[in-house]
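> Letter 123 of the sequence shown, counting from 1, is numbered 123 in the numbering used here, and no numbers are missing.
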Amino acid sequence: MATWQCVKNCGACCQLDPADRPDLSEYLSPTELALYMSMVGDDGWCINYDQTQRNCRIYAERPNFCRVQPDTFEQLYHIQPAELNDFAIECCQQQINGVYGNRSEEMERFHEAVGIETQMIAPTSETPETQL
């Protein structure tokens with residue numbers, strides 16, 4: 001079974017562009033939304049994310065909405081603790097895919113860390129019709 005965990009040197013969740021998250025006001029309070037918006041840099045990345053070192057400068061003090069914890073996800077997204085693992089894995093896969101791509105090094109490292117086997121399909125010059 002795959003088990004969610006944060007992967008170092010990823011930062012996909014730190015790409016905060018509100019255009020990619022149109023439903024923010026549905027789960028963040030007005031105060032949290034204001035904090036979120038204040039954290040978005042001109043390039044869409046969190047102002048606390050060090051893009052060179054690829055880590056969060058305020059990790060220990062990061063806001064609640066940046067934490068993957070049962071109580072936070074239950075409060076914000078109504079995700080029951082028993083569902084958190086699968087939900088977090090799916091969220092990370094979607095975010096990593098959107099930021100870096102489905103076949104990126106970040107996605108491979110995430111899959112390896114959480115225990116998801118990925119099968120790389122070898123490119124072929126044959127079309128589906130010629131493979132029959």
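C-beta: ideal position from N, C-alpha, C; glycine also.
Candidates H78, V7 and C66: which alpha carbon is nearest L16's?
Taking the first residue of the sequence shown as 1, we reach residue 16 at position 16. When only C-alpha atoms are compared, the closest one is C66.
> Going by alpha carbons, who is nearest to Q53 out of A113, G11 and L33?
Mapped onto the sequence shown, residue 53 falls at position 53. Of A113, G11 and L33, the residue nearest in Cα terms is G11.
> Could you have a look at Y49 and say whether DSSP puts it in helix, strand or coil?
Taking the first residue of the sequence shown as 1, we reach residue 49 at position 49. Y49 falls in the strand class under three-state DSSP.
> Identify the continuous alpha helix (DSSP H) that holds D22 and give its terminal residues.
Along the sequence shown, one-based indexing puts residue 22 at 22. For the record, residue 22 in the displayed sequence is Pro; it is not Asp. Element bounds for P22: n/a, residue is neither H nor E.
> Cutting at 7 Å between CB atoms, please list the residues of its own chain near A2, excluding the five before and the five after it.
Working through the sequence shown from its first residue, we reach residue 2 at position 2. The residues are I89, V114, G115 and I116.
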